[in-house]
Amino acid sequence: MFISNIRLLSTEFYKVYAHEEYPELLLKESRPYLILVVEYKGLRFGIPFRTNIKHRFAYKFKNTGRDTEFSTGLDFSKAVLIKDLKYLGRQGYVDQLERNELNSHYKEIKEKFSHYLDNVIKSLNNEIKDKYFAKHLLNSTLVYFKDDLIGIK
651 MFISNIRLLS TEFYKVYAHE EYPELLLKES RPYLILVVEY KGLRFGIPFR TNIKHRFAYK
711 FKNTGRDTEF STGLDFSKAV LIKDLKYLGR QGYVDQLERN ELNSHYKEIK EKFSHYLDNV
771 IKSLNNEIKD KYFAKHLLNS TLVYFKDDLI GIK
């Protein structure tokens, strides 16, 4: 079952991708971020769970136990490329309502993330000129992995 794909990023990941050099990467000293690990085009990505998503480049939970006034879900714009398995930390857990929604919408989540990633790749390859997306991409963590994503078809 894909729930085993809910992980934490390891301390090794944050040693290699230090916040000073990669400021858009999500990091809170008091708690690590949970990620959903997905594979696409032979690459492994970690999509973080967030509680304050204000943009459309995400999968937003419709049913969650979290008490928040903002949208919670998976934030595609803060996804990271997992280049090495040592960057994956221990198994993470989400509440039962989120687990149920992940189970029932996993295919939709992967398709939506794949579409987002295709647009990131096209933008990095100068194949699309959508100004709104280009502005959004400035704050995306995926630009840190530009060298790995350019040229992917």
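Here this note's numbering is used: the first residue of the sequence shown is 651, the next is one more, and so on.
C-beta atoms are modelled at their ideal positions from N, C-alpha and C, and glycine is treated no differently.
Because the structure is a prediction, the values reported are computed rather than measured.
Check                                                                                               : Outcome
C-alpha gap between Leu735 and Tyr664, whole angstroms                                              : 13 angstroms
Within 8 angstroms, strictly: CB atoms of Ile685 and Gly692                                         : no
Buried/exposed call for Glu662, threshold 16 Cβ in 10 Å                                             : exposed
Cβ pair Tyr690, Leu767 closer than 8 angstroms                                                      : yes
Where Lys628 falls: helix, strand or coil (DSSP)                                                    : There is no way to answer for residue 628, as the model of the chain reaches only from 651 to 803.
Own chain, CB closer than 7 angstroms to Lys760, minus 5 neighbours either side, in chain order     : Val688
Buried versus exposed, by CB contacts within 10 Å (16 or more), Glu815                              : Here the chain covers residues 651 to 803 and nothing more, so residue 815 does not appear.
Residue interval of the alpha helix (DSSP H) (run including Thr661)                                 : Thr661 to Val666
Collapsed DSSP secondary structure at Phe699 in the structure displayed                             : strand
Cβ of Asn769 within 8 angstroms of any chain D Cβ                                                   : Judged by its chain identifiers, the structure shown contains no chain D, having just a single protein chain.
Among Ser754, Phe711, Thr791 and Ile800, nearest to Asn776 - alpha-carbon criterion                 : Ile800
Proximity to Ser727 [Cα-Cα], best of Lys796, Ser764 and Leu787                                      : Leu787
Limits of the unbroken alpha helix (DSSP H) element including Leu677                                : Counting along the chain, Leu677 falls outside any alpha helix (DSSP H), and DSSP gives it neither H nor E.
Assigned exposure category for Asp725 - 16 Cβ within 10 Å defines buried                            : buried
Selection from His705, Val770, Lys785 and Asn789 that minimises the alpha carbon distance to Glu802 : At residue 802 the sequence reads Ile, which differs from the Glu that was named. Residue Val770 is the option with its Cα nearest to Ile802.
Three-state secondary structure assigned by DSSP to Met651                                          : Only weak support exists for where Met651 lies, its pLDDT of 38 falling under 50; the value from the coordinates is given anyway. Three-state DSSP puts Met651 in coil, outside helix and strand.
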